[in-house]
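Report on one structure; see the data block that follows.
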Amino acid sequence: MSIIECGNVGYSYDLGVTKVLWDISLNIEKGDIVAVLGHNGSGKSTLIKHFNALLKLQEGRITVADIEINNETNVWELRRRIGVVFQNPDNQFVASAVEDDVAFGPENYQVPRDEIGEKTRQALSRVGMNGYEKRLTHTLSGGQKQRVALAGVLAMDPDILVFDEATSMLDPEGRRELLDYIKELNEESNKTIVMVTHYVEECYIANKVMLMKEGRLLKAGEPRDILGDEELLLSSGLRPPIATQIYLELKKRGIELDCCPLTEEELVESICRLS
Amino acid sequence: MSIELKNITHIYEPGTPFEAAALNNVSLEIREGEKIGLMGRTGCGKSTLIQIMAGLIKPLNGNVIIDGIDIDEEGYDRTGLRQKLGIVFQYPEVQLFETTAYKDVAFGLKYSDLTPEEKDENIRWAFEITGFDPDKVGSKSPLELSGGEKRRLAIAGVLAVRPKYLILDEPIAGLDPVAREKFLKLLRDLNEEGMTIIMISHNADAIAGFADRTIVMSNGRIEIEGDTKTVFMDRPKADEAGISVSTAGRIAGMLRDRGIDVSEDVMSESELLKELCVHFNNDNRSEDQT
Ligand SMILES: Nc1ncnc2c1ncn2[C@@H]1O[C@H](COP(=O)(O)OP(=O)(O)OP(=O)(O)O)[C@@H](O)[C@H]1O
Ligand SMILES: Nc1ncnc2c1ncn2[C@@H]1O[C@H](COP(=O)(O)OP(=O)(O)OP(=O)(O)O)[C@@H](O)[C@H]1O
Ligand SMILES: [Mg+2]
Ligand SMILES: [Mg+2]
Numbered sequence: 004m005s006i007i008e009c010g011n012v013g014y015s016y017d018l019g020v021t022k023v024l025w026d027i028s029l030n031i032e033k034g035d036i037v038a039v040l041g042h043n044g045s046g047k048s049t050l051i052k053h054f055n056a057l058l059k060l061q062e063g064r065i066t067v068a069d070i071e072i073n074n075e076t077n078v079w080e081l082r083r084r085i086g087v088v089f090q091n092p093d094n095q096f097v098a099s100a101v102e103d104d105v106a107f108g109p110e111n112y113q114v115p116r117d118e119i120g121e122k123t124r125q126a127l128s129r130v131g132m133n134g135y136e137k138r139l140t141h142t143l144s145g146g147q148k149q150r151v152a153l154a155g156v157l158a159m160d161p162d163i164l165v166f167d168e169a170t171s172m173l174d175p176e177g178r179r180e181l182l183d184y185i186k187e188l189n190e191e192s193n194k195t196i197v198m199v200t201h202y203v204e205e206c207y208i209a210n211k212v213m214l215m216k217e218g219r220l221l222k223a224g225e226p227r228d229i230l231g232d233e234e235l236l237l238s239s240g241l242r243p244p245i246a247t248q249i250y251l252e253l254k255k256r257g258i259e260l261d262c263c264p265l266t267e268e269e270l271v272e273s274i275c276r277l278s
Numbered sequence: 146m147s148i149e150l151k152n153i154t155h156i157y158e159p160g161t162p163f164e165a166a167a168l169n170n171v172s173l174e175i176r177e178g179e180k181i182g183l184m185g186r187t188g189c190g191k192s193t194l195i196q197i198m199a200g201l202i203k204p205l206n207g208n209v210i211i212d213g214i215d216i217d218e219e220g221y222d223r224t225g226l227r228q229k230l231g232i233v234f235q236y237p238e239v240q241l242f243e244t245t246a247y248k249d250v251a252f253g254l255k256y257s258d259l260t261p262e263e264k265d266e267n268i269r270w271a272f273e274i275t276g277f278d279p280d281k282v283g284s285k286s287p288l289e290l291s292g293g294e295k296r297r298l299a300i301a302g303v304l305a306v307r308p309k310y311l312i313l314d315e316p317i318a319g320l321d322p323v324a325r326e327k328f329l330k331l332l333r334d335l336n337e338e339g340m341t342i343i344m345i346s347h348n349a350d351a352i353a354g355f356a357d358r359t360i361v362m363s364n365g366r367i368e369i370e371g372d373t374k375t376v377f378m379d380r381p382k383a384d385e386a387g388i389s390v391s392t393a394g395r396i397a398g399m400l401r402d403r404g405i406d407v408s409e410d411v412m413s414e415s416e417l418l419k420e421l422c423v424h425f426n427n428d429n430r431s432e433d434q435t
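Heads up: the sequence lines are chains G and L, in that order. Straight run, no breaks: the first sequence in the working numbering ends on number 278. Straight run, no breaks: the second sequence in the working numbering ends on number 435.
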């Protein structure tokens, strides 16, 4: 059963003069981890802002967790089911102190007081930010802000989590931990994940990749089919993962590995097998 | 000509419950013409350091000396400093506040001595080298841009001034792979023309492809410093400071662990590729001989 369904979605910010989304149709199944790739300005954030009804649907139809998105959508109920972390955490913060910001979501949904404290603590420690409860969000470092914004959505515990470049300011350890945690949330709690990223390397945790170009969904499929397709990626302004690039370059030089690797580990394994 | 930091210590909101030590006795010299990479864990003090360097935060202790003059000296020409030292902040929204993209890029030139024509020329150049058509984007509101476009616009605004020193805080975050490549190439070109550039990034591949010298901070101190290759080759130290090394360097390390002979100092993809070609051709040759 699809948890997110889009049919022929189109969008324009200026009353139809320039369209930035064209005829987008897609299905995301419950339990999917979907990576959304695409050049700057290809429409990724615009698409995602439709999922939680931040933008008004102009063309086509969308259902999210069985909720039809239209003028009568119960946005309240919708946003309990789907949590979105946006590109810039400053736009996301609603309260000035860290703990109030993280507690804001659960409070609004009438979670009992004592549970809120517990959820807030858990979410903050999940992102390595315990000890910062009283700090004002605007005094955090860039990466700390991003961590707190993530905690805000984790505390809500929605069925669908959407990350719009939510790891862009994380250090390598933080990024790795978050990706591991996303995978864990998905495997253990069957959460559906949508992550927009410019790092093709992060697609290794995904079971589906969607590639956008100039407002259109160019291709959706298995990571291997998309990331291994050099021509497709180059024509969309992207690059294969470095491990894949090495494989492709070796091939051009007449050295053929036994499989097309997506990750560093896979590349190392296939080099060892050939050696 | 250089930027010199002498014994910089900084504590945010000292004496309050929010007191936070950010920098602890940091000294550093950046010479004209250098390409510097600045790395380190979240919260280690990178953004604080560069804001102090740019005279935007006054440190609790220590001196900032730019081209031989202490910027805290009485009568120091702050307006002049803004023209010679440009800074791109970690979140571009911070520096986009005008009603149109054109005005935003023009902002830094307000106090410059250039004629209006020269200013316009600089502005158009800045739009173009950051991948924009000024005639198309100039009249747009910065709020109407995508995340990566905002980033590029913020960069354009700083480049329009053609600063002598360029400081960039995570400039490639949000850029797509092609924009990233073009931007790093642009930085190398600007450096060739004499611009001194300091770039903060968590992305080791970007640092590897850009920086001559890399500084790694940890807990408000400089932990590692040296030419980029040497910094990345010392894996235990890099791990301890929480930075990753370039992807190619990491793959080379994994191969060495598996007994494959690749050189210690592989940092870029092309170096790795070369090593692998040698490895496989040698293999073939030894098979031929047997
Ligand atoms: N509020 C807005 N008003 C008008 N145009 C907008 C607005 N937001 C985005 N756009 C335009 O719509 C197009 C799609 O933008 P969107 O933010 O969806 O891109 P994106 O794929 O998320 O890009 P990025 O990778 O840079 O974040 C771009 O051309 C952008 O300039
Ligand atoms: N106004 C402030 N008040 C209190 N503490 C602050 C303030 N600004 C920064 N800090 C703290 O100082 C430390 C250094 O922050 P800084 O922004 O320099 O880190 P950074 O290395 O740039 O991190 P990141 O990679 O996350 O951007 C952090 O722990 C941060 O929380
Ligand atoms: Mg976006
Ligand atoms: Mg910072």
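Beta carbons are placed, not taken as given, at the ideal position from N, Cα and C, and that holds for glycine. Here the structure is a predicted model, which is why all the values come from computation and not from measurement.
Those residues of the region 384-401 of chain L placed with their C-beta closer than 8 Å to a C-beta in chain G are 387, 388, 389, 392, 393, 395, 396, 399, 400, ordered along the chain. Rounded to whole angstroms, residue 31 of chain G and residue 159 of chain G show a C-alpha spacing of 21 Å. For the 8 Å CB-CB criterion, residue 207 of chain L and residue 153 of chain L form a contact. For residue 198 of chain L, the distance from the CB to the nearest heavy atom of ligand 2 is not below 7 Å.
With its beta carbon at least 8 Å from every one in chain G, residue 261 of chain L lies outside the interface. Its chain contains 246, 247, 250, 270, 273 as the residues whose beta carbon lies nearer than 7 Å to that of residue 264 of chain G, once the 5 sequence neighbours on both sides are disregarded; these appear in chain order. Shown here, residue 64 of chain G sits in a strand according to DSSP, grouped into three states.
Ligand 4 has a heavy atom closer than 7 Å to the beta-carbon of residue 235 of chain L. Look at the region 273-287 of chain L: it has no residue with a C-beta under 8 Å from a C-beta of chain G.
Residues are counted here when their Cβ sits less than 8 Å from a Cβ of chain L; for the region 233-254 of chain G these are 240, 241, 242, 245, 246, 248, 249, 252, 253, given in chain order. Taking one beta carbon from each stretch, the region 49-64 of chain G and the region 123-138 of chain G have fewer than 3 pairs nearer than 8 Å; the two do not touch. Under the 8 Å criterion on CB atoms, residue 206 of chain G is classed as non-interfacial with respect to chain L. Of the other Cβ atoms in all chains shown, fewer than 16 fall within 10 Å of the Cβ of residue 375 of chain L; this residue is therefore exposed. Identification of chain G residues near residue 223 of chain L by a Cβ-Cβ cut-off of 9 Å yields none; the smallest Cβ-Cβ distance measures about 24 Å. Beyond the five residues adjoining it in sequence on each side, residue 119 of chain G comes within less than 7 Å, by CB distance, of 106, 109, 110 in the same chain, given in chain order. A check of alpha carbon separations from residue 194 of chain L across L/381, L/178, L/361 identifies L/361 as the nearest. Judged by beta-carbon spacing, residue 377 of chain L lies beyond the 8 Å limit of residue 302 of chain L, meaning their Cβ atoms are not closer than that value. For residue 323 of chain L, the nearest CB of chain G lies under 8 Å from its own CB, placing it at the interface with that chain.
Environment of ligand 3, chain-ordered: G/47, G/48, G/90, G/167, G/168, G/199, L/291, L/292, L/293, taking every residue with Cβ within less than 7 Å of a heavy atom. Here residue 155 of chain L carries a strand assignment [DSSP, helix/strand/coil]. Secondary structure remark: continuous beta strand (DSSP E) runs of at least 3 residues inside the region 158-245 of chain L, in chain order: 165-176, 180-184, 206-211, 230-233. When the Cα atoms are used, residue 37 of chain G and residue 89 of chain G turn out to be separated by approximately 16 Å.
A Cβ-Cβ distance of about 13 Å is found for the pair residue 227 of chain G and residue 236 of chain G, leaving them out of contact under the 8 Å criterion. If you draw a 10 Å sphere on the C-beta of residue 261 of chain G, you find fewer than 16 other C-beta atoms in it, and that means exposed. Between the region 306-317 of chain L and the region 330-345 of chain L there are three or more C-beta pairs closer than 8 Å, enough to call the two in contact. Under the Cβ distance rule, residue 267 of chain G counts among the residues neighbouring chain L, one pair being separated by less than 8 Å. CA-to-CA, the gap between residue 139 of chain G and residue 130 of chain G works out to about 17 Å.
By the Cβ criterion, the region 149-158 of chain G is not in contact with the region 198-210 of chain G, since fewer than three pairs of Cβ atoms, one from each stretch, lie closer than 8 Å. With fewer than 16 other beta carbons inside 10 angstroms of its own, residue 214 of chain L counts as exposed. By the Cβ neighbour-count rule, residue 171 of chain G is buried, with 16 or more other Cβ atoms within 10 Å of its own. By the neighbour-count criterion, in which a residue is buried when 16 or more other Cβ atoms sit within 10 angstroms of its Cβ, residue 74 of chain G is exposed. Around the beta carbon of residue 146 of chain L, a 10 Å sphere encloses fewer than 16 other beta carbons of the protein chains shown; the residue is thus reported as exposed. The C-beta of residue 11 of chain G has fewer than 16 other C-beta atoms within 10 Å across all chains shown, which makes the residue exposed. A direct Cα-to-Cα measurement between residue 218 of chain G and residue 26 of chain G gives close to 9 Å. Under the DSSP definition of a beta bridge, residue 298 of chain L lacks any partner. Residue 45 of chain G has its Cβ nearer than 7 Å to a heavy atom of ligand 1.
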